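Enquirer: Handing you a structure now.
Numbering (the working numbering), first residue to last: 475 to 1179.
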């Protein structure tokens, strides 16, 4: 994309940050701002003429807003403001003319009702602390005759200015994205690692890491988020406006690291962690309860900006119930928690990889603007329309630049080679960064009462009493956790609104009290990096990350990172199931004896993933029922006869021509579960090639007899 005024050209994710609508492009007596049509606000004049020409246009299948399309403009036109022109663009809520009043209940809304952009408002603008007016040029509030929150005689105490626009807000885009591999399934990425964990002291394979240079990325901005900078917004940290059309692009053949998980094995792992880590279970239960409420089905909608906001409102009810003694049973279904936890792990891991691994390792300070992430998971149901995704859980870390910058490829090589610098970095995160972060941001938990009442001489004690009540009652109901400080601030700010807003000193003291409270809610911008570039809205983010969970996962890295071979002596059947769950293209098996139970397992996998499965086994009565079952389910079986030169005695499993399991066990329940056997799982390219060659030789020999 290119700006007509400056001639600046940007591509990929960086272009969406550079050309963010409503962000000031330059200032000091001259301003340029990209002003685009908004969904619920009418603009005057109506034709904003913000772009010239359209390079690409598409309707994103993964985005559920009706009649929504994404455009890639050839050139973007910024609206220019200076003291010599009278340009003025006004946005006004289209329902305002039909409404008698703006209700007090609207004070919690993140959607402004009026914005007025002109030279005067940009150099000395006025705004509403409740967010009703994002920017205006007049000293008197334009909504005063309609607003029930208006307080004052001729001027509202919540309408403030003059302040320059650049000091009021930090404006960033909300970016929606979708990624997938192009080309033939199974020939897309190079496997660089398997991921192993221990569940009940038995090794399991929960996923694999691949490097790919065939990633297709759809990305677009659908909204601008106005984070408070100087603006003293009440009960909220940001304002939000949604565009009528998305501004974005489609790119192909991008470089990326893809971490693919078997969702079923991953859930088993999360359940194991929940059974053995009470603190983790408590955190996930609280986050799930507040975020989803009474919903029976867990579902996250990427383009629903109200989800996190509604969760904040549930916090208020929770605080009310706690203070009234209406305590409810605090327990969560283990299956639901495992599903939610698996999603949280992927999301937290994506942020961690970018902010805590890639950025410290790479030399460029602008890498964050070129790298993005995407996750697939059954909880993201509006992304699951494509059947290929229906049972996949994956994290994509992508360079959004044609040909790549080399950073992702370098990280992939470091993982595959068990690079010492990478190992040391992860060790430092787990042993230094996370523990020090907890001490820094949550130290007040150890002495909450003194922390709060230390402000007793500066603010009404009744305000402090409610703060302490909330934390005290919460700790008795929700062990190991604490309430989200933003939610506490909003709740106390509403309950004690008059006392807090009586003067500026009291308001500032209240802010100081809140800033002394525990700031990290099992994951924050400082520890897991959930800030710029997140797939989800600002109020969703705290619920969808977990430092406790990602710590458990990262602590396993020494067992698998850079390892090409794994010797398995226990739980062989579980390893077999784990591996076939990771298959995307084909499964090849050679085993003298084959069991019906194994055929059932293969049939179940084939039912939801279009796999080419071939089994080579003996043409023997002992295999008769299993062979018949396989052929009835479109599984190819090659039957070998014993001859004077002996029988095929090798046993092997090959997944997607990239992973092998070979050893002493036949692929029967006895062989994989009951007998004393051993297997080697390998991703070593030379080893895999040798077994592929042997498999081909066996097939060729069978065809020639």
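Note that beta-carbon positions come from the ideal geometry of N, C-alpha and C, so glycine has one too. Nothing here was measured: the structure is a model prediction, and the numbers come from that model.
Residue 1181 to residue 543, Cα distance in whole Å?
Expert: Outside the modelled stretch of the chain, which goes from 475 to 1179, sits residue 1181, for which no answer is possible.
Enquirer: Taking its Cβ as the centre, do 16 or more other Cβ atoms sit within 10 Å of residue 519, making it buried, or is it exposed?
Expert: Its Cβ having fewer than 16 others within 10 Å, residue 519 is exposed.
Enquirer: Tell me which residue opens and which closes the alpha helix (DSSP H) that residue 1079 is part of.
Expert: Run containing residue 1079: 1070-1082, per the alpha helix (DSSP H) assignment.
Enquirer: Taking 7 Å as the limit between beta carbons, can you name the residues of its chain near residue 604, skipping five residues before and five after?
Expert: Answer for residue 604: 581, 623, 632 and 708, listed in chain order.
Enquirer: Using 8 Å as the Cβ pair cut-off and three pairs as the minimum, do the stretch 691-708 and the stretch 740-751 touch?
Expert: No, they do not touch.
Enquirer: Would you say residue 853 lies against chain C (beta-carbon separation less than 9 Å)?
Expert: The chain labelled as chain C is not found in the depicted structure, where only one protein chain is given.
Enquirer: Given 8 Å as the limit, is there contact between the stretch 1035-1050 and the stretch 1146-1159, that is, 3 or more CB pairs closer than that?
Expert: Touching, per the Cβ criterion.
Enquirer: If you follow the alpha helix (DSSP H) that residue 823 is in, where does it begin and where does it stop?
Expert: 808-826 is the extent of the alpha helix (DSSP H) around residue 823.
Enquirer: Residue 648 bridges to which residues according to DSSP?
Expert: Answer is 697.
Enquirer: Spatial neighbours of residue 497 within its chain, please: C-beta separation below 6 Å, excluding the five flanking residues on both sides.
Expert: These residues qualify, in order along the chain: 645.
Enquirer: Looking at the strands, I want to know which residues DSSP matches up with residue 546.
Expert: In the DSSP output, where bridge partners are listed per residue, residue 546 has 530.
Enquirer: What residue does the alpha helix (DSSP H) around residue 495 start on, and which one ends it?
Expert: Careful: residue 495 lies outside any alpha helix (DSSP H) and carries neither H nor E.
Enquirer: If the criterion is Cβ atoms closer than 9 Å, does the pair residue 1110 and residue 1128 meet it?
Expert: Taking 9 Å as the Cβ cut-off, residue 1110 and residue 1128 do not qualify as a contacting pair.
Enquirer: Check whether the Cβ atoms of residue 1076 and residue 1135 lie closer than 9 Å to each other.
Expert: Not closer than 9 Å, so no.
Enquirer: Need the endpoints of the alpha helix (DSSP H) that residue 1177 sits in, please.
Expert: Residue 1177 -> alpha helix (DSSP H) spans 1159-1178.
Enquirer: Is it the case that the Cβ atoms of residue 854 and residue 814 are separated by a distance below 9 Å?
Expert: Not a contact, by the Cβ cut-off of 9 Å.
Enquirer: Would you call the stretch 768-777 in contact with the stretch 736-743, where contact means no fewer than 3 C-beta pairs closer than 8 Å?
Expert: The stretch 768-777 vs the stretch 736-743: no contact.
Enquirer: Nearest to residue 1091 by CA position, among 1173, 940, 1048 and 1150, is which residue?
Expert: It is 1173.
Enquirer: If we ignore side chains and look at the alpha-carbon of each, how far apart do residue 1073 and residue 1113 end up?
Expert: One C-alpha to the other measures close to 15 Å.
Enquirer: Give every residue of the same chain whose Cβ lies closer than 6 Å to the Cβ of residue 848, excluding the five residues on either side of it in the sequence, and list them in chain order.
Expert: Correct list, in chain order: 651, 653 and 870.
Enquirer: Is residue 676 near residue 821, with beta carbons less than 9 Å apart?
Expert: No; because the gap between Cβ atoms is not below 9 Å, this pair is not in contact.
Enquirer: Mind checking whether residue 734 and residue 806 have CB atoms under 9 Å apart?
Expert: No, these two residues do not count as a Cβ contact at 9 Å.
Enquirer: Of all the beta strand (DSSP E) runs that stay within the bounds of the stretch 698-779, which reach a length of 3 or more residues?
Expert: Entirely contained in the stretch 698-779, the beta strand (DSSP E) runs reaching 3 residues are, in chain order, 712-736.
Enquirer: Starting from the C-beta of residue 1030, find all residues in its chain whose C-beta is less than 6 Å away, skip the five residues before and the five after it, and write them out in chain order.
Expert: Correct list, in chain order: 671.
Enquirer: Taking only runs that begin and end inside the stretch 1011-1074, name each unbroken alpha helix (DSSP H) of 4 or more residues, in chain order.
Expert: For the stretch 1011-1074, whole alpha helix (DSSP H) runs of length 4 or above, ordered along the chain, are 1021-1028, 1031-1034 and 1046-1056.
Enquirer: Taking C-alpha atoms, which residue in 596, 1079 and 956 lies nearest to residue 736?
Expert: Of the listed residues, the one whose Cα sits closest to residue 736 is 1079.
Enquirer: Given residue 860, which residues of its chain have a CB within under 7 Å of its CB, disregarding the five upstream and five downstream residues?
Expert: For residue 860, the predicted model reports a pLDDT of 47, less than 50, meaning its position is unreliable; a value from the coordinates is still stated below. Closer than 7 Å at Cβ, skipping near neighbours: no residue.
Enquirer: Given a threshold of 16 other Cβ atoms within 10 Å of its Cβ, counted over all protein chains shown, does residue 589 qualify as buried or as exposed?
Expert: Looking at its Cβ environment, which holds 16 or more other Cβ atoms inside 10 Å, residue 589 is buried.
Enquirer: Taking its Cβ as the centre, do 16 or more other Cβ atoms sit within 10 Å of residue 826, making it buried, or is it exposed?
Expert: Buried, because 16 or more other Cβ atoms sit within 10 Å of the Cβ of residue 826.
Enquirer: Helix, strand or coil for residue 505 per DSSP?
Expert: Reduced to three states, the DSSP call for residue 505 is strand.
Enquirer: For the candidate residues 567, 601, 553 and 606, whose alpha-carbon lies nearest to that of residue 578?
Expert: When only C-alpha atoms are compared, the closest one is 606.
Enquirer: For the structure I just gave you, are there three or more beta carbon pairs, one from the stretch 687-697 and one from the stretch 721-731, closer than 8 Å?
Expert: Counting Cβ pairs under 8 Å, three or more are found: they touch.
Enquirer: Going by C-alpha distance, which of 794, 712 and 1096 is nearest residue 1014?
Expert: Cα-wise, what sits closest to residue 1014 is 712.
Enquirer: Determine the burial state of residue 627: buried for a count of at least 16 other Cβ atoms within 10 Å of its Cβ, exposed for fewer.
Expert: Flag for residue 627 reads exposed.
Enquirer: Would you call the stretch 928-938 and the stretch 946-957 in contact, with 3 or more CB pairs under 8 Å?
Expert: Result no; under three Cβ-Cβ pairs closer than 8 Å.
Enquirer: Who does residue 872 pair with in a DSSP beta bridge?
Expert: DSSP, once it has assigned bridges, lists 730 and 846 as partnering residue 872.
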